[in-house]
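K.L.:
Sharing a structure with you now.
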Amino acid sequence: GAVVSQHPSRVICKSGTSVKIECRSLDFQATTMFWYRQFPKQSLMLMATSNEGSKATYEQGVEKDKFLINHASLTLSTLTVTSAHPEDSSFYICSALPRGSSGNTIYFGEGSWLTVV
Amino acid sequence: GDSVTQMEGPVTLSEEAFLTINCTYTATGYPSLFWYVQYPGEGLQLLLKATKADDKGSNKGFEATYRKETTSFHLEKGSVQVSDSAVYFCALGVAGGGNKLTFGTGTQLKVEL
Chain A
109 GAVVSQHPSR VICKSGTSVK IECRSLDFQA TTMFWYRQFP KQSLMLMATS NEGSKATYEQ
169 GVEKDKFLIN HASLTLSTLT VTSAHPEDSS FYICSALPRG SSGNTIYFGE GSWLTVV
Chain B
21 GDSVTQMEGP VTLSEEAFLT INCTYTATGY PSLFWYVQYP GEGLQLLLKA TKADDKGSNK
81 GFEATYRKET TSFHLEKGSV QVSDSAVYFC ALGVAGGGNK LTFGTGTQLK VEL
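Going down the list, the protein sequences come from chains A and B. Taking the numbering used here, the leading residue of the first sequence gets 109, the next gets one more, and so forth. Taking the numbering used here, the leading residue of the second sequence gets 21, the next gets one more, and so forth.
Shown next as structure tokens:
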């Protein structure tokens, strides 16, 4: 089946540094990718929607200058957490919508645990 | 706004027990409803879905029926196995919503021998 891979699966970074998380669709092209974050015992919250070749659309309350999203190709989207702080520690997960598919066909990555110390 | 509420976990069951994980929703419009499963160390996978009222989604022995009158989509399985241990997420998507999904908090299921 379709595979979406995230890297790294776990990352620890120092407060004030930036960290990049990659989301790749391994065997299909994804025109749209979504980034979610999840705090302990809370829902996955949509952060932004990225379409290949255009600027990401951020959900209300998500700082676009802090969470930089780039979708430069049909198989790769990146999320960069800039000037990370401990409150950014969370589980980040991406999903990808295959090119030409309906909205019900969305594939998720394994997620990335970010810990800011 | 749209929201999904599901029962808190963890839910611990013995093998072959009956499983119910409750899920209720609020939404504008007519949502599609989904159950996703996340096994340890893996990404979310679509388990089953229903796109309109009274539809029943089923897969791998799991079932859920779209109940518009009670705004519910409870997940059930008649006889769970150890291999069903995972986190289960209920979600909804609204037509015209840009393929965005609204998730519940997830319910961890642990099945013991």
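Every residue gets a Cβ at the ideal spot worked out from N, C-alpha and C, and that includes glycine.
Of the choices A192(A), L182(A), S191(A), whose alpha-carbon is the least far from that of R132(A)?
P.N.:
For the purposes of this step, residue 132(A) is identified with residue 24 of the first sequence, where counting begins at 1. For the residues A192(A), L182(A), S191(A), the minimum Cα distance to R132(A) belongs to L182(A).
K.L.:
Just checking, does the region 39-48 of chain B make contact with the region 56-66 of chain B on the three C-beta pairs under 8 Å criterion?
P.N.:
Flag = no, the region 39-48 of chain B and the region 56-66 of chain B do not touch.
K.L.:
On the CB-based measure, 16 or more other CB atoms within 10 Å of its CB, does S158(A) come out buried or exposed?
P.N.:
For the purposes of this step, residue 158(A) is taken as the residue at position 50 of the first sequence. Flag for S158(A) reads buried.
K.L.:
Can you give me the C-alpha to C-alpha distance between L95(B) and P60(B), rounded to a whole angstrom?
P.N.:
One-based indexing of the second sequence puts residue 95(B) at position 75. One-based indexing of the second sequence puts residue 60(B) at position 40. Taking the straight line joining both Cα atoms gives about 20 Å.
K.L.:
Say whether chain B places a C-beta atom closer than 9 Å to the C-beta of Q137(A).
P.N.:
For this step, residue 137(A) is matched to residue 29 along the first sequence. It does not: the Cβ of Q137(A) has no partner Cβ on chain B nearer than 9 Å.
K.L.:
Would you call the region 121-133 of chain B and the region 99-108 of chain B touching, i.e. three or more CB-CB distances under 8 Å?
P.N.:
At 8 Å Cβ cutoff, the stretches touch.
K.L.:
Go to A106(B), then tell me how far its beta strand (DSSP E) extends in each direction, as first and last residue.
P.N.:
Here residue 106(B) refers to the residue found at position 86 of the second sequence. A106(B) -> beta strand (DSSP E) spans 106-114.
K.L.:
Can you tell me whether K120(B) is buried or exposed, with buried defined as 16 or more other CB within 10 angstroms of its CB?
P.N.:
One-based indexing of the second sequence puts residue 120(B) at position 100. By the 10 Å Cβ count, K120(B) comes out buried.
K.L.:
I need the straight-line Cα distance from T71(B) to F93(B), nearest angstrom please.
P.N.:
Within the second sequence, the letter at position 51 stands for residue 71(B). Within the second sequence, the letter at position 73 stands for residue 93(B). Taking the straight line joining both Cα atoms gives about 11 Å.
K.L.:
State the Cα-Cα distance for the pair S151(A) and T125(A), rounded to the nearest angstrom.
P.N.:
On the first sequence, position 43 is the one that residue 151(A) refers to. On the first sequence, position 17 is the one that residue 125(A) refers to. Taking the straight line from one Cα to the other gives about 27 Å.
K.L.:
Excluding sequence positions up to five away, which residues of its chain have a Cβ less than 8 Å from the Cβ of V119(A)?
P.N.:
Start at 1 with the first residue of the first sequence, and residue 119(A) comes out as number 11. These residues qualify, in order along the chain: V127, I129, S220, W221, L222, T223.
K.L.:
Can you tell me whether V138(A) is buried or exposed? The criterion is at least 16 other CB atoms within 10 Å of its CB, across all chains shown.
P.N.:
Within the first sequence, numbered from 1, the residue matching residue 138(A) stands at position 30. Checking the displayed sequence, the identity of residue 138(A) turns out to be Ala instead of Val. Counting Cβ neighbours within 10 Å, A138(A) comes out buried, since at least 16 surround it.
K.L.:
Can a CB atom of chain B be found closer than 9 Å to the CB of F142(A)?
P.N.:
Working through the first sequence from its first residue, we reach residue 142(A) at position 34. At least one chain B Cβ lies under 9 Å of F142(A).
K.L.:
Would you identify the three-state DSSP class for E195(A), choosing helix, strand or coil?
P.N.:
Working through the first sequence from its first residue, we reach residue 195(A) at position 87. DSSP places E195(A) in helix when its eight states are reduced to three.
K.L.:
For T32(B), which residues from the same chain have a beta carbon less than 7 Å from its beta carbon, with the 5 sequence-adjacent residues on both sides left out?
P.N.:
The count along the second sequence starts at 1 and reaches residue 32(B) at position 12. Around T32(B): K130, E132.
K.L.:
Taking C-alpha atoms, which residue in G217(A), E195(A), V111(A), S162(A) lies nearest to K174(A)?
P.N.:
Here the question's residue 174(A) lines up with position 66 in the first sequence. Of the candidates G217(A), E195(A), V111(A), S162(A), the one whose C-alpha sits nearest the C-alpha of K174(A) is E195(A).
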